[in-house]
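So the protein lines, in turn, are chains A and B.
Take 3 as the starting number for the first sequence in the working numbering and just add one per residue.
Take 3 as the starting number for the second sequence in the working numbering and just add one per residue.
2 protein chains.
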Amino acid sequence: MEKLVLASGNKKKLAELQNLLAPLNIDVVAQSEFEVPEADETGTTFVENAIIKARNACKYTGLPAIADDSGIQVAALRGAPGVFSARFAGVGATDEKNNKLLVELLSDMPEVNRDARYVAVLVLMTHEDDATPIICQGTWDGEIVLEPQGDQGFGYDPHFFVPEKGCTAAQLPAQEKNAISHRGKAMEKLLAQLSS
Amino acid sequence: MEKLVLASGNKKKLAELQNLLAPLNIDVVAQSEFEVPEADETGTTFVENAIIKARNACKYTGLPAIADDSGIQVAALRGAPGVFSARFAGVGATDEKNNKLLVELLSDMPEVNRDARYVAVLVLMTHEDDATPIICQGTWDGEIVLEPQGDQGFGYDPHFFVPEKGCTAAQLPAQEKNAISHRGKAMEKLLAQLSS
Numbered sequence: 003m004e005k006l007v008l009a010s011g012n013k014k015k016l017a018e019l020q021n022l023l024a025p026l027n028i029d030v031v032a033q034s035e036f037e038v039p040e041a042d043e044t045g046t047t048f049v050e051n052a053i054i055k056a057r058n059a060c061k062y063t064g065l066p067a068i069a070d071d072s073g074i075q076v077a078a079l080r081g082a083p084g085v086f087s088a089r090f091a092g093v094g095a096t097d098e099k100n101n102k103l104l105v106e107l108l109s110d111m112p113e114v115n116r117d118a119r120y121v122a123v124l125v126l127m128t129h130e131d132d133a134t135p136i137i138c139q140g141t142w143d144g145e146i147v148l149e150p151q152g153d154q155g156f157g158y159d160p161h162f163f164v165p166e167k168g169c170t171a172a173q174l175p176a177q178e179k180n181a182i183s184h185r186g187k188a189m190e191k192l193l194a195q196l197s198s
Numbered sequence: 003m004e005k006l007v008l009a010s011g012n013k014k015k016l017a018e019l020q021n022l023l024a025p026l027n028i029d030v031v032a033q034s035e036f037e038v039p040e041a042d043e044t045g046t047t048f049v050e051n052a053i054i055k056a057r058n059a060c061k062y063t064g065l066p067a068i069a070d071d072s073g074i075q076v077a078a079l080r081g082a083p084g085v086f087s088a089r090f091a092g093v094g095a096t097d098e099k100n101n102k103l104l105v106e107l108l109s110d111m112p113e114v115n116r117d118a119r120y121v122a123v124l125v126l127m128t129h130e131d132d133a134t135p136i137i138c139q140g141t142w143d144g145e146i147v148l149e150p151q152g153d154q155g156f157g158y159d160p161h162f163f164v165p166e167k168g169c170t171a172a173q174l175p176a177q178e179k180n181a182i183s184h185r186g187k188a189m190e191k192l193l194a195q196l197s198s
């Protein structure tokens, strides 16, 4: 069984990836099991930040690593918060604070386009100097609602209305969300590439 | 007609891209028509270097930009020269010097695996802060021959033997090469994405 490090401390992501890759005989372990200093996410694109995190994990573990970078792009905010989604209201901001800022900004623009898109990029690097990482991107289109609804998921989910489901992402059970979400789609592509 | 800057000074690449994108009503112009300082290719992956070049062109022209980064990976050299292909024998090295170094290194390893892979990554960014550039990768498998053959193409082409054609890349007419090459495949993917 091949070992793969996940460059993230998120336990939900770890479990998700473990389930996905177990059939391929790939054992996903958390980066927290090693001494890996935090990487500096200096990229202006999701893929650059995912590469920075994956390369960092490879470097300090000597193992292949996978990283994801994701965020939300809001049309009325010209694509913001984008790569800054997790730190929209400041470094270390909670989901609550980030969502509050988003709602405040959009409340001041009553007639704007509230279209939004979730983006996830997954990167798999075999080693620190891997020049051709596997890159898989998934997107999920929806629109921002000012009133939060639902208590599942995380991030901007309570404000991300999914027209095809008639509810927000936070109102969808995990399995239903994963089947259509940005991360779910990126994962599906990764699985297809690893299987072939 | 939409304008797109090519972040390269290579006239062959410009002509190739102009031909490819003319049917989509996209006018490709060379970055040399603007004042664009050279970008520092600090990436360890092809995609990072292509992003660096495309972002730099967007920044200084205010237009959408496309960049490519490409190179060759040789199995016996553990993937080298990779992202350093154009500067394998030193910054500003000629194709001749790079090829000479490659042949010297492999001559010292008579029984090694001479499998090689050309890689090209194309990146299209709509603006400097575009967090989700279009990324298209193409690869081309072959093997290194120590005796150069053919005088077409460029780079490592005279030493890149293409089994399916029974000759080197430098012995293929441009059109025939473009139909199966790493760059040709990446271009095809780009065209498909832009058309949809």
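Cβ atoms here follow ideal geometry from the backbone N, Cα and C, with glycine treated the same way.
Just so it is clear, the structure is predicted and the values come from calculations on it, not from any experiment.
Go ahead and pull the three-state DSSP assignment for residue i.
i                : result
ASP97 (chain B)  : helix
TYR62 (chain A)  : helix
ASP153 (chain A) : coil
GLU4 (chain B)   : strand
PHE36 (chain B)  : coil
PHE90 (chain B)  : coil
VAL31 (chain A)  : strand
By how many angstroms is the C-alpha of residue j removed from the C-alpha of residue i?
i                : j                : result
LEU23 (chain B)  : ARG185 (chain B) : 15 Å
GLY168 (chain A) : PRO66 (chain B)  : 36 Å
THR99 (chain B)  : GLY11 (chain B)  : Inspection of the sequence shows that residue 99 (chain B) is occupied by Lys rather than by Thr. Whole-angstrom Cα-Cα distance: 21 Å.
PRO175 (chain B) : LEU26 (chain A)  : 42 Å
VAL7 (chain A)   : GLN173 (chain B) : 44 Å
GLY152 (chain B) : ALA91 (chain B)  : 22 Å
SER198 (chain B) : PHE36 (chain A)  : 44 Å
ASN115 (chain A) : GLY45 (chain B)  : 36 Å
VAL76 (chain A)  : LEU103 (chain A) : 13 Å
GLY64 (chain B)  : GLU40 (chain B)  : 16 Å
GLY155 (chain A) : LYS14 (chain A)  : 10 Å
TYR62 (chain B)  : ALA181 (chain B) : 33 Å
LEU16 (chain B)  : GLU43 (chain A)  : 33 Å
SER183 (chain B) : TRP142 (chain B) : 6 Å
VAL93 (chain A)  : GLY144 (chain A) : 26 Å
ASN21 (chain A)  : ASP131 (chain A) : 28 Å
Would you kindly report the start and end of the unbroken beta strand (DSSP E) that includes residue i?
i                : result
ALA171 (chain A) : Note, ALA171 (chain A): premise wrong, no beta strand (DSSP E); not H, not E.
GLY73 (chain B)  : 67-76
GLU145 (chain A) : 136-146
ARG119 (chain A) : 117-127
VAL164 (chain A) : 162-164
So residue i and residue j are in contact, right, with Cβ under 8 Å, and what is the actual spacing, rounded?
i                : j                : result
ALA133 (chain B) : THR47 (chain A)  : 5 Å
MET111 (chain B) : ALA78 (chain B)  : 6 Å
ALA9 (chain B)   : LYS55 (chain B)  : 4 Å
LEU19 (chain B)  : VAL30 (chain B)  : 5 Å
MET127 (chain A) : ARG80 (chain A)  : Actually they are not in contact, since the Cβ atoms of MET127 (chain A) and ARG80 (chain A) sit about 31 Å apart, beyond 8 Å.
PRO160 (chain B) : PRO150 (chain B) : 4 Å
LYS179 (chain A) : ALA188 (chain A) : The Cβ separation is near 13 Å, so there is no contact.
Please work out which residues of its chain come closer than 8 Å, Cβ to Cβ, to residue i, disregarding the five sequence neighbours upstream and downstream, and give them in chain order.
i                : result
ILE74 (chain A)  : PRO83, GLY84, SER87, ALA118, ARG119, TYR120, VAL121, GLY157, TYR158, PHE162
VAL49 (chain B)  : ASP71, VAL123, VAL125, ILE137, GLN139
ASN101 (chain B) : PRO150, TYR158, PRO160, HIS161
So, for residue i: in the same chain, excluding its five sequence neighbours on each side, which residues have a beta-carbon less than 6 Å away from its beta-carbon?
i                : result
GLU4 (chain B)   : ILE28
GLN195 (chain B) : ILE136
ALA69 (chain A)  : ALA9, ALA52, LYS55, ALA56, VAL125
HIS129 (chain B) : CYS60
LEU192 (chain A) : LEU124, CYS138
ALA34 (chain B)  : Residue 34 (chain B) is actually Ser in this sequence, not Ala. Excluding sequence neighbours, SER34 (chain B) sits near GLY11.
Starting from residue i, trace the alpha helix (DSSP H) in both directions and tell me its first and last residue.
i                : result
ASN27 (chain A)  : Neither: ASN27 (chain A) is in no alpha helix (DSSP H) and is coded neither H nor E.
ARG185 (chain A) : 184-197
Beta-carbon within less than 7 Å of residue i's beta-carbon, same chain only, minus the 5 sequence neighbours each way: which residues are those?
i                : result
ASP148 (chain B) : Looking at the sequence shown, residue 148 (chain B) is not Asp but Leu. Once the five neighbours on either side are set aside, the close Cβ partners of LEU148 (chain B) are VAL105, LEU108, SER109.
VAL38 (chain A)  : ASN58, ALA59, TYR62, THR63
ARG89 (chain A)  : ALA95
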